[in-house]
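Using the numbering used here, the final residue of the sequence shown is 144, and nothing's skipped along the way.
Glycine is no exception: its CB is placed at the ideal position from the N, C-alpha and C atoms.
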Amino acid sequence: GFLEPRRMAEKALTAVIQEAYVQGISTRSVDDLVKAMGMSGISKSQVSRLCEEIDGKVKAFLERPIEGDWPYLWIDATYLKVRRGGRIVSVAVIIAVGVNADGRREVLGMEVGTSEAEPIWTEFLRKLTRRGLRGVKLVVS
Numbered sequence: 004g005f006l007e008p009r010r011m012a013e014k015a016l017t018a019v020i021q022e023a024y025v026q027g028i029s030t031r032s033v034d035d036l037v038k039a040m041g042m043s044g045i046s047k048s049q050v051s052r053l054c055e056e057i058d059g060k061v062k063a064f065l066e067r068p069i070e071g072d073w074p075y076l077w078i079d080a081t082y083l084k085v086r087r088g089g090r091i092v093s094v095a096v097i098i099a100v101g102v103n104a105d106g107r108r109e110v111l112g113m114e115v116g117t118s119e120a121e122p123i124w125t126e127f128l129r130k131l132t133r134r135g136l137r138g139v140k141l142v143v144s
């Protein structure tokens, strides 16, 4: 129908807004980007809602139950620069990737911390256990 091009444009705009947010652009800057693209009719609250939607999906992914045995677990951390309170700071991003008995790999957890200090690792691994991580036979770090 004649509405199809409009729906496609709305989907494309939603994707642009969400990608910009994921890349670290503030909701205010995303709003400016939408205006620069010559688009109107999207409010700041709609931009915020789309960005909150991403936050909700990430939170659900990181808190989902871990089911089945995961005999192999890779854990590692990397440092990234992020903007906090108007300053650029370095944060540790800790990640766990598991491999199940079928050989399927999956990101099981991720945490952002101030460092790789022992208490941060301990709490990260405890959270994985509380979510159901079991059957680990080998941990590679």
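In terms of Cα proximity to ILE69, the closest of LYS130, LEU141, SER144 is LYS130. In the DSSP assignment, ASP79 forms a beta bridge with ILE98.
As a beta-bridge residue in DSSP terms, SER93 pairs with LYS84.
Per DSSP, the beta bridge partners of MET113 are ILE98. Remark: C-beta atoms of VAL115 and VAL96 approach each other more closely than 8 Å. DSSP links ASP72 through a beta bridge to ARG137.
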